[in-house]
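There are 2 protein chains.
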Amino acid sequence: MSVPKNQIAITVEDYLKQASLRVNAALERHLPSETEAPADLHRAVRYSTFAGGKRLRPALAMASFEACHGIGDSVLLAACALEMTHTFSLIHDDLPSMDNDDFRRGRPTNHKVFGEAIAILAGDSLLVYAFELLAKSGRPECIATLARALGTKGMLGGQVVDIQSEGKKVGLETVNYIHNHKTAALIEASLVMGAQLAGADEEVIAGLGAFGNRIGLAFQIVDDVLDLEQTTEALGKDAGSDLAKGKATYPAVVGIAASKDMARQLIDEAKLELRKLPIQGGTLELIADYIITRVH
Amino acid sequence: MSVPKNQIAITVEDYLKQASLRVNAALERHLPSETEAPADLHRAVRYSTFAGGKRLRPALAMASFEACHGIGDSVLLAACALEMTHTFSLIHDDLPSMDNDDFRRGRPTNHKVFGEAIAILAGDSLLVYAFELLAKSGRPECIATLARALGTKGMLGGQVVDIQSEGKKVGLETVNYIHNHKTAALIEASLVMGAQLAGADEEVIAGLGAFGNRIGLAFQIVDDVLDLEQTTEALGKDAGSDLAKGKATYPAVVGIAASKDMARQLIDEAKLELRKLPIQGGTLELIADYIITRVH
Numbered sequence: 005m006s007v008p009k010n011q012i013a014i015t016v017e018d019y020l021k022q023a024s025l026r027v028n029a030a031l032e033r034h035l036p037s038e039t040e041a042p043a044d045l046h047r048a049v050r051y052s053t054f055a056g057g058k059r060l061r062p063a064l065a066m067a068s069f070e071a072c073h074g075i076g077d078s079v080l081l082a083a084c085a086l087e088m089t090h091t092f093s094l095i096h097d098d099l100p101s102m103d104n105d106d107f108r109r110g111r112p113t114n115h116k117v118f119g120e121a122i123a124i125l126a127g128d129s130l131l132v133y134a135f136e137l138l139a140k141s142g143r144p145e146c147i148a149t150l151a152r153a154l155g156t157k158g159m160l161g162g163q164v165v166d167i168q169s170e171g172k173k174v175g176l177e178t179v180n181y182i183h184n185h186k187t188a189a190l191i192e193a194s195l196v197m198g199a200q201l202a203g204a205d206e207e208v209i210a211g212l213g214a215f216g217n218r219i220g221l222a223f224q225i226v227d228d229v230l231d232l233e234q235t236t237e238a239l240g241k242d243a244g245s246d247l248a249k250g251k252a253t254y255p256a257v258v259g260i261a262a263s264k265d266m267a268r269q270l271i272d273e274a275k276l277e278l279r280k281l282p283i284q285g286g287t288l289e290l291i292a293d294y295i296i297t298r299v300h
Numbered sequence: 005m006s007v008p009k010n011q012i013a014i015t016v017e018d019y020l021k022q023a024s025l026r027v028n029a030a031l032e033r034h035l036p037s038e039t040e041a042p043a044d045l046h047r048a049v050r051y052s053t054f055a056g057g058k059r060l061r062p063a064l065a066m067a068s069f070e071a072c073h074g075i076g077d078s079v080l081l082a083a084c085a086l087e088m089t090h091t092f093s094l095i096h097d098d099l100p101s102m103d104n105d106d107f108r109r110g111r112p113t114n115h116k117v118f119g120e121a122i123a124i125l126a127g128d129s130l131l132v133y134a135f136e137l138l139a140k141s142g143r144p145e146c147i148a149t150l151a152r153a154l155g156t157k158g159m160l161g162g163q164v165v166d167i168q169s170e171g172k173k174v175g176l177e178t179v180n181y182i183h184n185h186k187t188a189a190l191i192e193a194s195l196v197m198g199a200q201l202a203g204a205d206e207e208v209i210a211g212l213g214a215f216g217n218r219i220g221l222a223f224q225i226v227d228d229v230l231d232l233e234q235t236t237e238a239l240g241k242d243a244g245s246d247l248a249k250g251k252a253t254y255p256a257v258v259g260i261a262a263s264k265d266m267a268r269q270l271i272d273e274a275k276l277e278l279r280k281l282p283i284q285g286g287t288l289e290l291i292a293d294y295i296i297t298r299v300h
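Chains as they are written, first to last, in this note's numbering: chain A, 5 to 300; chain B, 5 to 300.
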């Protein structure tokens, strides 16, 4: 990609790294310290928030905001809220009554360290903080977007069907439902919220949502494939655990080769959606390519 | 209380009953039906939402809104959000890893009927719905009020200390901390949100918050006393269960007589706060009296 004279070329890895540093600094400012009461709860909240996540959702919100010529720091509120709600979902998903996972990102899961009660409350706390932060943006439509993405017809609905499908033989329709709701909805919301905070018009917001939905689904398919192809060390969690648990995944339903084709096709569709829009989508396109080529 | 010619006199019981009917109708409209997918999740959400709660928090928000001459239906959004978050807290508090309660309001608790995973997700869903609804009010300050009341320095913080204090000998300071955070914070928020939605000025909002804090604390003290003095049948849950679990309560720390005195004093203080304000506080005063005289 050629770079206009007034712009600086950076790699997508550098962009993601910089976005991650910015959101980490903002999370650090917005979350209570470990010494504030109740200390155990704040320790648990911080343990999972600062566990080395990729900060993909915050980076997408920022890139969407920038693509729509957003000005100022308001997108950091959305970036933090997205990462907080993502972390909330991981903590609750890992619980004994859900996926019962002992490791996440190479470390013991929240409930293994702090116990189940504190883990549930730490997840609840992150969800509440996300909305408290977003309220500071003064943009109720942005709060509505996040809530819809998380609700019973979004992420939480996907989690229910995921749990209920474990160990059962399910078809592509069910896997699509689970991944669209459990993963793609929040990634789609990341793009939409960035555009809303930039004051983009409805057409651009809808187009970025469509882009987000496709890269979100592709992201989850790649995740399913990596779970089968990568080592436990590279993943930071047990490789092949989806298979062992009888999880509803794309590779389980259509096989690895078809899954990879599907992910590639979704990324192509996403880029087509993006190119229709009157915005500077270069960074978003690079992140879409990164999603399909990443190895962990 | 004398009634001006242009007003209608109703008892506090009738007021609470009417408020309850209004909020129930609004909750019915705002929550997905049991037939919508994922049906199990929506059934679990509705099971605990429509379990015969008193709807005290919604009634307080409405009475606060009316006292501040609020116009329109926006307070119903806050009323529903308050009841949803209250229900969320009850579902999570009852979980095996928390209070491990089998009964609530005379019926099996959510996790006993739907299993632990769905119960956790139903609680999460109600929390998310509350913020989605409040976003419709277009009042970010109202969202911030609710989030602060629920967060780690509000209800969730109180719940952590409550769990950690179980079976331990604690002093009045700890019981104050638990009840102020776990119960009074959300009741205080009910009053504040009603006033915010009515467009009241800062002084009135602060005064109603002070009123709410005191009646909230009194409400919890009365609850602690009722747990000891009432039958299981009247309470709809095991009487004496606080004592059996070694819960940190006012009667356990200062005795029943001193607890009753303290509740009475808090209600008197609350009324003094209320009378300072340039609002029509008649209904709120009656609710304050109801809190201290209720028997279940």
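Note that the Cβ used here is the ideal one computed from N, Cα and C, for glycine as well.
| request: Under 7 Å Cβ to Cβ from glycine 56(A), same chain only, skipping five residues before and after it: list those, please. | output: Looking up residue 56(A) in the first sequence gives position 52. Within the same chain, glycine 56(A) has close Cβ partners Arg109.
| Using DSSP with H/G/I as helix, E/B as strand and the rest coil, what is proline 36(B)? | Counting from 1 along the second sequence, the entry for residue 36(B) is found at position 32. Note: proline 36(B) maps to coil in three-state DSSP.
| query | Beta-carbon separation of glutamate 274(A) and isoleucine 219(A) under 8 Å? | reply | To locate residue 274(A), count along the first sequence from 1; it is residue 270. To locate residue 219(A), count along the first sequence from 1; it is residue 215. The sequence given here places alanine at residue 274(A); glutamate does not occur at that position. Contact check for alanine 274(A) against isoleucine 219(A) passes: the beta carbons are separated by less than 8 Å.
| task | Kindly identify the DSSP beta-bridge partner or partners of arginine 111(B). | result | For the purposes of this step, residue 111(B) is identified with residue 107 of the second sequence, where counting begins at 1. DSSP, once it has assigned bridges, lists Arg108(B) as partnering arginine 111(B).
| Apart from the five residues just before and just after glutamate 17(B), which ones in its own chain have a Cβ nearer than 8 Å to its Cβ? | In the second sequence, the residue the question calls residue 17(B) occupies position 13. Annotation for glutamate 17(B): Tyr294 place their beta carbon closer than 8 Å to its own, counting only its chain and skipping 5 residues before and after.
| field | N-terminal and C-terminal residue of the alpha helix (DSSP H) that proline 100(B) is part of | value | Position 96 of the second sequence, counted from the first residue, corresponds to residue 100(B). According to the DSSP assignment, proline 100(B) belongs to no alpha helix (DSSP H), since it is labelled neither H nor E.
| task | Figure out for me which residue from Thr89(A), Ser141(A), Lys172(A) and Thr53(A) has the closest Cα to the Cα of alanine 193(A). | result | Within the first sequence, residue 193(A) is the residue found at index 189, counting from 1. Out of Thr89(A), Ser141(A), Lys172(A) and Thr53(A), Thr89(A) has the C-alpha closest to the C-alpha of alanine 193(A).
| request: Kindly indicate which residue of Lys251(B), Gly216(B) and Leu221(B) has the alpha-carbon position closest to the one of leucine 232(B). | output: Taking the first residue of the second sequence as position 1, residue 232(B) is located at position 228. The shortest Cα separation from leucine 232(B) among Lys251(B), Gly216(B) and Leu221(B) belongs to Lys251(B).
| request: Could you list the residues in the segment 118-134 of chain B with a C-beta less than 7 Å from some C-beta on chain A, going in chain order? | output: Listed by position along the chain: Glu120, Ala121, Ile122, Ile124, Leu125, Asp128, Ser129, Leu131, Val132 and Tyr133.
| request: Out of Glu289(B), Thr297(B), Thr178(B) and Ala199(B), point me to the one whose CA is closest to proline 42(A)'s CA. | output: The residue labelled residue 42(A) in the question sits at position 38 within the first sequence. Selected option, being the one with the closest Cα: Thr178(B).
| field | Where the alpha helix (DSSP H) through asparagine 278(A) begins and ends | value | To locate residue 278(A), count along the first sequence from 1; it is residue 274. Before going further, note that residue 278(A) is leucine rather than asparagine in the sequence given. Where leucine 278(A) is concerned, the enclosing alpha helix (DSSP H) stretches over 260-279.
| Counting contacts by CB-CB distance shorter than 8 Å, is glutamine 200(A) in contact with chain B? | As a first step, residue 200(A) must be located in the first sequence, where it is residue number 196. For glutamine 200(A), the answer is no, since every Cβ of chain B falls outside 8 Å of its Cβ.
| Whose C-beta lies closer than 6 Å to the C-beta of methionine 197(B) among residues of the same chain, with five residues either side of it excluded? | By 1-based counting over the second sequence, the position of residue 197(B) is 193. Within the same chain, methionine 197(B) has close Cβ partners Ala65, Ala82, Cys146 and Thr149.
| said: Any beta carbon from chain B within less than 8 Å of tyrosine 19(A)'s own beta carbon? | reply: Locating residue 19(A) in the first sequence gives position 15, counting from the first residue. Not closer than 8 Å to any Cβ of chain B, the Cβ of tyrosine 19(A) fails to qualify, so no.
| How about proline 100(B) and glutamate 120(B): are their beta carbons less than 8 Å apart? | Counted from its first residue, the second sequence places residue 100(B) at position 96. Counted from its first residue, the second sequence places residue 120(B) at position 116. The Cβ atoms of proline 100(B) and glutamate 120(B) sit closer than 8 Å to each other.
| Measuring CA to CA, which of Ala292(B), Leu270(B), Ala139(B) and Arg111(B) is closest to phenylalanine 54(B)? | Position 50 of the second sequence holds residue 54(B). Looking from the CA of phenylalanine 54(B), the closest CA among Ala292(B), Leu270(B), Ala139(B) and Arg111(B) belongs to Arg111(B).
| task | State yes or no: is the C-beta of glutamate 87(B) within less than 8 Å of the C-beta of proline 62(B)? | result | Translated into positions along the second sequence, residue 87(B) becomes position 83. Translated into positions along the second sequence, residue 62(B) becomes position 58. Yes. Within cutoff.
| field | Contact check, leucine 154(A) vs alanine 188(A), beta carbons under 8 Å | value | As a position in the first sequence, residue 154(A) is number 150, starting the count at 1. As a position in the first sequence, residue 188(A) is number 184, starting the count at 1. Contact check for leucine 154(A) against alanine 188(A) fails: the beta carbons are separated by 8 Å or more.
| query | Quick one: which chain A residues come within Cβ less than 8 Å of aspartate 44(B)? | reply | Stepping through the second sequence from its first residue, residue 44(B) is reached at position 40. Residues of chain A passing the Cβ test: Val164 and Gln168.
| request: Compare the C-beta of arginine 152(A) against all C-beta atoms of chain B and say whether one is closer than 8 Å. | output: For the purposes of this step, residue 152(A) is taken as the residue at position 148 of the first sequence. Any Cβ of chain B closer than 8 Å to the Cβ of arginine 152(A) would place that residue at the interface, and such an atom is present.
| said: Among Ile75(A), Gly171(A) and Ala123(A), whose alpha-carbon lies nearest the alpha-carbon of leucine 160(B)? | reply: Your numbering for residue 160(B) matches position 156 in the second sequence. Measuring from the Cα of leucine 160(B), the nearest candidate turns out to be Ala123(A).
| Under 8 Å between C-beta atoms of alanine 151(A) and serine 68(A) | The count along the first sequence starts at 1 and reaches residue 151(A) at position 147. The count along the first sequence starts at 1 and reaches residue 68(A) at position 64. No.
| By the criterion of Cβ-Cβ separation under 7 Å, what are the contact partners of glutamate 136(A) in chain B? | Locating residue 136(A) in the first sequence gives position 132, counting from the first residue. Neighbours of glutamate 136(A) on chain B, chain order: Ala148, Ala151, Arg152 and Gly155.
| query | Can the beta-carbon of lysine 131(A) be found less than 8 Å from the beta-carbon of leucine 45(A)? | reply | Here residue 131(A) refers to the residue found at position 127 when the first sequence is read from its first residue. Here residue 45(A) refers to the residue found at position 41 when the first sequence is read from its first residue. Per the sequence shown, residue 131(A) should be read as leucine rather than lysine. No Cβ-Cβ contact shorter than 8 Å links leucine 131(A) with leucine 45(A).
| said: Suppose the cutoff is 7 Å on Cβ atoms and the five residues either side in sequence are ignored; what does the same chain contact list for histidine 302(A) look like? | reply: The displayed coordinates of chain A run from 5 to 300. Any statement about residue 302(A) would go beyond what the structure contains.
| said: Let's test the definition: count the other Cβ atoms within 10 Å of the Cβ of leucine 176(B) and tell me whether it reaches 16, buried, or not, exposed. | reply: In the second sequence, the residue the question calls residue 176(B) occupies position 172. Answer is exposed; the Cβ neighbour count stays below 16.
| query | alanine 202(A) and histidine 73(A) look like a contact to me (Cβ under 8 Å); what is the Cβ gap, rounded to whole Å? | reply | Within the first sequence, numbered from 1, the residue matching residue 202(A) stands at position 198. Within the first sequence, numbered from 1, the residue matching residue 73(A) stands at position 69. So it is a contact: roughly 6 Å between Cβ atoms.
| query | When burial is assigned at 16 or more other CB atoms within 10 Å of the CB, is leucine 94(A) buried or exposed? | reply | Walking along the first sequence from the start, residue 94(A) turns up at place 90. By the neighbour-count criterion, in which a residue is buried when 16 or more other Cβ atoms sit within 10 angstroms of its Cβ, leucine 94(A) is buried.
| message | Among the candidates Val49(B), Asn28(B), Ala30(B) and Ala29(B), whose CA atom is the shortest distance from the CA of glutamate 38(B)? | response | For the purposes of this step, residue 38(B) is identified with residue 34 of the second sequence, where counting begins at 1. Comparing Cα-Cα distances from glutamate 38(B) to each of Val49(B), Asn28(B), Ala30(B) and Ala29(B), the minimum goes to Val49(B).
| Residues from the segment 65-96 of chain A in contact with chain B, defined by Cβ distance under 7 Å | Flagged, chain order: His96.
| field | Neighbourhood of alanine 292(B) by C-beta, 7 Å cutoff - its chain only, sequence neighbours within 5 removed | value | As a working mapping, residue 292(B) is identified with position 288 in the second sequence. For alanine 292(B), where only same-chain residues beyond five positions count, the Cβ hits under 7 Å are Ile219, Ile271, Ala274 and Lys275.
| task | Counting only the same chain and skipping the five closest in sequence on each side, list residues whose C-beta sits under 8 Å from that of asparagine 28(B). | result | Taking the second sequence and counting its residues from 1, one reaches residue 28(B) at position 24. Cβ within range, chain order: Phe54 and Arg59.
| Residue range of the unbroken alpha helix (DSSP H) whose run includes proline 62(A) | Along the first sequence, one-based indexing puts residue 62(A) at 58. Unbroken alpha helix (DSSP H) run through proline 62(A): 60-71.
| request: Take threonine 113(A) and list the residues in its own chain whose beta-carbon comes closer than 7 Å to its own, dropping the five residues that flank it on each side. | output: On the first sequence, position 109 is the one that residue 113(A) refers to. Counting only residues of its own chain and dropping the five nearest sequence neighbours on each side, threonine 113(A) has a CB closer than 7 Å to the CB of Asp98, Asp105, Asp106 and Phe107.
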